[in-house]
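Visitor:
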Amino acid sequence: MSHNDTTLEAPASPASSAAQNDKTFAFVTYGLNLATMLLGITCLIAVVLCYVKRGSGSALLESHYRFQIRTFWISLIGGVGLMLAYTLSFALMFIGIGYLLLPVVTIAGLLLVVWFYTRMIMGLVRVSRDEPIRNPASWLFG
């Protein structure tokens, strides 16, 4: 006679289900931010979603939403500044200074992209480990 040991698991509580949904939501917003280079507008969708969820999640997820919102605004301001600097560089090419300024602006743009993606990847790793962003107001990596 064989003995079939079947263990029944208790259904997930509504609180743990809601927490998992919130965590999934944070994954989605990080994913939208990471897809922004390919799809362009996804960072706008992500920031709107973060604003919608802000104030309704756990302290852990609040730090992630604040981190993503802050990253969006800093990137946007940096991007606008870089566009103005590119425009100035091209305008100054007529007197020769633009040729010196253009590589500096290009490197600054690459650094902004690296900074953005590093923040998003670090945030994604932290949310997957159930860790908050220690300092979501930081200029570096929280």
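Numbering that gives the first Met the number 0 applies: residue 0 is where the sequence shown begins, and numbers increase by one.
Even for Gly, the Cβ is constructed at its ideal location relative to N, Cα and C.
Small disclaimer: the values here were computed from a predicted structure and weren't measured.
(1) Using CA atoms only, rank isn't needed, just tell me which of SER127, LEU101, TRP72, ASN134 is closest to PHE115.
(2) Compare the beta carbon distance of SER74 and PRO131 with 8 Å and say whether it is the shorter of the two.
(3) Grab me the residues of ALA84's own chain with a C-beta within less than 7 Å of its C-beta, minus the 5 sequence neighbours each way, in chain order.
(4) When you compare the region 107–121 with the region 77–92, are there three or more beta-carbon pairs, one atom per stretch, that lie closer than 8 Å?
(5) For LEU60, count neighbouring Cβ atoms within 10 angstroms of its own Cβ and tell me buried if that reaches 16, exposed if not.
(6) When we look at the beta-carbon of VAL126 and count the other beta-carbons within 10 Å, is it buried (16 or more) or exposed?
(7) Hey, how far is the Cα of ILE96 from the Cα of LEU37?
(8) Hey, how far is the Cα of TYR98 from the Cα of GLY54?
Guide: On the basis of the coordinates in this document:
(1) In the sequence shown, residue 115 corresponds to position 116, counting from 1. The option with the nearest alpha carbon to PHE115 is TRP72.
(2) Residue mapping note: residue 74 aligns to position 75 of the sequence shown, counting from 1. Residue mapping note: residue 131 aligns to position 132 of the sequence shown, counting from 1. Taking 8 Å as the Cβ cut-off, SER74 and PRO131 do not qualify as a contacting pair.
(3) Counting from one through the sequence shown, the residue named residue 84 turns up at place 85. The residues are VAL104.
(4) yes
(5) To locate residue 60, count along the sequence shown from 1; it is residue 61. It is buried - the Cβ of LEU60 has at least 16 other Cβ atoms within 10 Å.
(6) Sequence index remark: in the sequence shown, residue 126 carries index 127 (1-based). So VAL126 counts as buried.
(7) On the sequence shown, residue 96 is found 97 positions in, with the first residue counted as 1. On the sequence shown, residue 37 is found 38 positions in, with the first residue counted as 1. Rounded to whole angstroms, ILE96 to LEU37 spans 33 Å at the Cα level.
(8) Taking the first residue of the sequence shown as position 1, residue 98 is located at position 99. Taking the first residue of the sequence shown as position 1, residue 54 is located at position 55. So the alpha carbons of these two residues sit roughly 48 Å apart.
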